[in-house]
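As you go down the protein sequences, you meet chains L and F in turn.
Residue numbers for the first sequence follow this note's numbering, beginning at 1 and rising by one.
Residue numbers for the second sequence follow this note's numbering, beginning at 1001 and rising by one.
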Amino acid sequence: MTEAPSVAVAMSGGVDSSTVAALLHKRGTRVIGFTMQLWDQRRLPQVAGEGATGRCCSLDDVYDARRVADQLGIPYYVVNFEAEFEERVVKPFVAEYLAGRTPIPCTLCNNHVKFRSFLEMAKGVGAEWIATGHYARIRYDGAAGRRQLLRAVDRSKDQTYFLFGLTQEQLAQTMFPLGELTKTQVRELARQLGLSVAEKDESQEICFIPNGDYAAFLEAYFQDQGAPLGRTRGEIVTADGRVLGEHAGVHRFTIGQRKGLGVAVGEPLYVITTDPGAQRVVVGAEKQLFRDRLFAHSMNWVSIDPPEAPLRAEVKIRNKHEAAPATVFPTGSPERVEIRFDEPQRAVTPGQAAVLYDGDLVLGGGWIE
Amino acid sequence: MNRRYFDHNATTPVSPVVLDVYMQALQRMYGNASSIHRTGQEARQALEQARRQVASYLSCEPKEVIFTSGGTEADNLAVFGVVRASRKPRRRVITTAIEHPAVLNACMQLEREDVEVLYVPPGGDGVVDPEAIRRCINADTVLISVMHANNEVGTIQPVAEIAGMAREHGIPFHSDGVQAAGKIPVQAGVDLYAVSAHKLYAPKGVGALRVRNGVALQPLMFGGRHEQGRRPGTENVPAALAFGAAVENISLERMDRVRRMRDRLESAILERVPGTRVNGAGAPRLPNTTNICFDGIGGEALVIALDLAGFAVSTGAACSSGAVAPSHVLTAMGLTARQARSSVRFSLGESNTEEDVDELVKAIVEAVERLRRVSPDWSPHD
């Protein structure tokens, strides 16, 4: 087992990770392909929807990944991380929703499953590195003696918003071969390499909720756990306490949401905040959605040392958000910061991440309080 | 890379003797055994010769042998065949919690058909207590099904005793003999006994169910009158001939050599790798099987690490996608889900050599050390 260095590639069956495996293989690396089984779609058939096949962890994806591995002639294994995924991703996801926050399961999955459990297993079976199809770049800063995380060259595909939680140790053992490429180039490469998945569509939804109905998932999950959600109905109110109607559960609402409120008062109404304690959903005009500051906790300073003085940065508060200029103020703890935006930002949502950038460099990130 | 195979409970390579018989039959024995003409008659003769060979191996009459597509069909035919042939208004089946899915899932299907099924758990050593079976017997009991030897841990069940008990009560008794056949003497005193050819150095796609004369059996499939109307479908004569050659070639003396290699492997692992235990230790076990729990690592990862090093071993339970749920056998024996996930099955066979075993031990020592180095679950003081 003391041959050329080997790389474990996390293969989802999609075009990106398939191209990673093919590229590394072509470069002469010893590639070992893995598909992580994270969630059993058959477990909650009521929310599987018509997308149950052709989605993450479906047999179709395993079939596609295996076919690519066969094409390349590399060893390939399906590995089961369902227990870790449920414990470290699904349960926190559910708890966050019930607490009135809007969580990001992909970040939890990266932090705890892909770049922890999978990395451990890959090292255990003899791989030196792991590689994934994420659009991001890793650079070694010799002067600082540390690794840095950078946005992908293809800004429209950049996934660093979900990767801010990586540690130096994890970065040192990880490759993101697609970081320098555009999606168009990746597809073109996949075609040139003759990969069977070159034309495959991308999945958009959270992998374990293929039909995108989070509320139905939460309800089905609680049913599955033998503890159906109790009374969740409550009032829809304005900031000044006027009751406008009823809702079927705060977990069905997220800040900034406009559709599905079922109340009309002439002007368009948006969810301004939710209060799970009082089962209340507070609505108001769009201008009430804007905030110019937030606190973030559990900060991970991925590319720099924790700052001791205020710091200028562009801050992204959800995946589709255009990073906005702000000043970051340290608090007593390096794990908590206050962020003051130059301009108020729409729908600052607790549970989402605040990720700090300096141009392409990802400084760090944490969770919005 | 040189590959060394330690997964003979999953399947075996076809032996040269069997391959020779099979190839010749495939080339020459193309007749339909039901045809009137001599081409068909020759196929019929060959088929009956194979049936006599299998019957002789199972110590039964040739007409008690039904050829099937394999072990799963033989088990299904036994379980559904006997239960559906029963006219009792209420029906109970007694089986164990450690059966192969071919019996277990057939029983679960029977439950959906309003049959009561009791799954008797084994003791911590992986052996079912006959008294626990006896306590389940009532007037509604239409079938008792207990495997002869377990596929995952290799523990041998007291089927002779259970067979006697079933006979006393006039209840048909089935035993899944798929793993026992070829490794230990088969059980002749049962009403129904399932075997599979590909565990005996013969090709996949053929097996047999012994059905004692007088046991009522409803067929699973309906078609022509093959196999006395109990299993329709044009007989697979070349496979049956290969099966016949394979049972004739069985040698329990050669198994002694396998047992010595298994013991060598087992004691080397226990000695050289701390934090290891043999599942089912102390119980009577198949001579070729050892199932070992390695504290602090995933069995799945060890299987992959060993495969990458050129050794084929198994966790013992795999679902269709290739991913792993904790073994129902090990959890029924009282192992925690974590211990069950940390267990790996090594099943040896005639093609293995002592050198294979020594190389395997080296690879295990190296892989376990590396896996434990990165495992958050491992501390040597556990």
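Don't be surprised by glycine CBs; every beta carbon is placed ideally from N, CA and C.
This one's a predicted model, so the numbers in the text were calculated from it and none came from an experiment.
In this structure, does DSSP put residue i in helix, strand or coil?
{"i": "histidine 1174 of chain F", "result": "strand"}
{"i": "glutamate 1073 of chain F", "result": "helix"}
{"i": "isoleucine 1184 of chain F", "result": "coil"}
{"i": "methionine 996 of chain F", "result": "It is not possible to answer for residue 996 of chain F, since the shown part of chain F is limited to 1001 through 1382."}
{"i": "glutamate 1350 of chain F", "result": "coil"}
{"i": "tyrosine 1005 of chain F", "result": "strand"}
{"i": "glutamate 343 of chain L", "result": "strand"}
{"i": "phenylalanine 217 of chain L", "result": "helix"}
{"i": "cysteine 1136 of chain F", "result": "helix"}
{"i": "alanine 52 of chain L", "result": "A caution first: alanine 52 of chain L carries a pLDDT of 45, below 50, which makes its placement in the model unreliable, though a value can still be read off. If DSSP states are grouped into helix, strand and coil, alanine 52 of chain L belongs with the helices."}
{"i": "glutamine 37 of chain L", "result": "strand"}
{"i": "valine 1146 of chain F", "result": "coil"}
{"i": "asparagine 110 of chain L", "result": "helix"}
{"i": "arginine 1090 of chain F", "result": "coil"}
{"i": "valine 1128 of chain F", "result": "coil"}
{"i": "proline 1062 of chain F", "result": "helix"}
{"i": "threonine 1068 of chain F", "result": "strand"}
{"i": "isoleucine 1364 of chain F", "result": "helix"}
{"i": "glycine 952 of chain F", "result": "Nothing can be reported for residue 952 of chain F: it is not among the residues displayed for chain F, which extend from 1001 to 1382."}
{"i": "threonine 1331 of chain F", "result": "helix"}
Given this structure, state the Cα-to-Cα distance separating residue i from residue j, to the nearest angstrom.
{"i": "valine 7 of chain L", "j": "glutamine 170 of chain L", "result": "14 angstroms"}
{"i": "glutamate 1369 of chain F", "j": "lysine 123 of chain L", "result": "12 angstroms"}
{"i": "tyrosine 1201 of chain F", "j": "tyrosine 1022 of chain F", "result": "12 angstroms"}
{"i": "alanine 1197 of chain F", "j": "arginine 155 of chain L", "result": "59 angstroms"}
{"i": "lysine 200 of chain L", "j": "proline 210 of chain L", "result": "16 angstroms"}
{"i": "glutamate 1235 of chain F", "j": "leucine 1209 of chain F", "result": "14 angstroms"}
{"i": "serine 1086 of chain F", "j": "alanine 1216 of chain F", "result": "8 angstroms"}
{"i": "methionine 1400 of chain F", "j": "valine 1258 of chain F", "result": "Outside the modelled stretch of chain F, which goes from 1001 to 1382, sits residue 1400 of chain F, for which no answer is possible."}
{"i": "tyrosine 1119 of chain F", "j": "serine 1145 of chain F", "result": "10 angstroms"}
{"i": "aspartate 1075 of chain F", "j": "isoleucine 1036 of chain F", "result": "32 angstroms"}
{"i": "glutamate 1354 of chain F", "j": "methionine 1255 of chain F", "result": "14 angstroms"}
{"i": "leucine 150 of chain L", "j": "leucine 193 of chain L", "result": "27 angstroms"}
{"i": "asparagine 319 of chain L", "j": "glutamine 352 of chain L", "result": "9 angstroms"}
{"i": "proline 103 of chain L", "j": "glutamine 41 of chain L", "result": "20 angstroms"}
{"i": "aspartate 1307 of chain F", "j": "arginine 258 of chain L", "result": "54 angstroms"}
{"i": "phenylalanine 290 of chain L", "j": "valine 186 of chain L", "result": "38 angstroms"}
{"i": "threonine 1095 of chain F", "j": "glutamate 1131 of chain F", "result": "13 angstroms"}
Just mark residue i as buried or exposed, buried being the case when its beta carbon has 16 or more other beta carbons within 10 Å.
{"i": "glutamate 219 of chain L", "result": "buried"}
{"i": "proline 1185 of chain F", "result": "exposed"}
{"i": "glycine 391 of chain L", "result": "Here chain L has residues from 1 to 369 only, and residue 391 of chain L is not among them."}
{"i": "arginine 312 of chain L", "result": "exposed"}
{"i": "glutamate 1300 of chain F", "result": "buried"}
{"i": "valine 243 of chain L", "result": "exposed"}
{"i": "glutamate 1064 of chain F", "result": "buried"}
{"i": "alanine 309 of chain L", "result": "exposed"}
{"i": "leucine 1058 of chain F", "result": "buried"}
{"i": "arginine 252 of chain L", "result": "buried"}
{"i": "glycine 1229 of chain F", "result": "exposed"}
{"i": "aspartate 158 of chain L", "result": "buried"}
{"i": "asparagine 1352 of chain F", "result": "buried"}
{"i": "lysine 316 of chain L", "result": "buried"}
{"i": "methionine 1261 of chain F", "result": "buried"}
{"i": "tyrosine 140 of chain L", "result": "exposed"}
{"i": "asparagine 1002 of chain F", "result": "exposed"}
{"i": "tyrosine 1005 of chain F", "result": "buried"}
Is the CB-CB distance between residue i and residue j below 8 angstroms?
{"i": "phenylalanine 217 of chain L", "j": "leucine 44 of chain L", "result": "yes"}
{"i": "glycine 179 of chain L", "j": "threonine 107 of chain L", "result": "no"}
{"i": "aspartate 292 of chain L", "j": "valine 282 of chain L", "result": "no"}
{"i": "asparagine 1009 of chain F", "j": "threonine 1331 of chain F", "result": "no"}
{"i": "threonine 1315 of chain F", "j": "phenylalanine 1294 of chain F", "result": "no"}
{"i": "aspartate 1092 of chain F", "j": "aspartate 1140 of chain F", "result": "A small correction: the amino acid at residue 1092 of chain F is arginine; aspartate does not occupy that position in the sequence shown. Closer than 8 angstroms, so yes."}
{"i": "valine 197 of chain L", "j": "valine 68 of chain L", "result": "yes"}
{"i": "histidine 1148 of chain F", "j": "valine 1159 of chain F", "result": "yes"}
{"i": "valine 118 of chain L", "j": "threonine 174 of chain L", "result": "Reading the sequence as shown, one finds phenylalanine at residue 118 of chain L and not valine. Result no, Cβ atoms of phenylalanine 118 of chain L and threonine 174 of chain L do not sit closer than 8 angstroms."}
{"i": "leucine 72 of chain L", "j": "histidine 25 of chain L", "result": "yes"}
Uninterrupted alpha helix (DSSP H) stretches inside the stretch 114 to 183 of chain L (no shorter than 4 residues) = 118 to 124, 168 to 172, all fully within the stretch 114 to 183 of chain L.
With a floor of 4 residues, list each alpha helix (DSSP H) that falls wholly inside the stretch 1195 to 1270 of chain F, ordered by position along the chain.
-> For the stretch 1195 to 1270 of chain F, whole alpha helix (DSSP H) runs of length 4 or above, ordered along the chain, are 1237 to 1248.
Which runs of the alpha helix (DSSP H) fall wholly inside the stretch 284 to 320 of chain L and span at least 4 residues, in chain order?
-> Within the stretch 284 to 320 of chain L, no run of alpha helix (DSSP H) at least 4 residues long lies entirely inside it.
What residue ranges within the stretch 1012 to 1051 of chain F form continuous alpha helix (DSSP H) runs of no fewer than 4 residues, ordered along the chain?
-> Secondary structure remark: continuous alpha helix (DSSP H) runs of at least 4 residues inside the stretch 1012 to 1051 of chain F, in chain order: 1016 to 1028.
Scan the stretch 219 to 247 of chain L and note each continuous beta strand (DSSP E) run of 3 residues or more that stays entirely inside, going in chain order.
-> As far as the stretch 219 to 247 of chain L is concerned, its whole beta strand (DSSP E) runs of at least 3 residues are 234 to 238, 243 to 247.
Minimum length 4: unbroken alpha helix (DSSP H) runs contained in the stretch 1271 to 1308 of chain F = As summarised for the stretch 1271 to 1308 of chain F, the continuous alpha helix (DSSP H) elements at least 4 residues long and confined to that stretch are 1299 to 1308, given in chain order.
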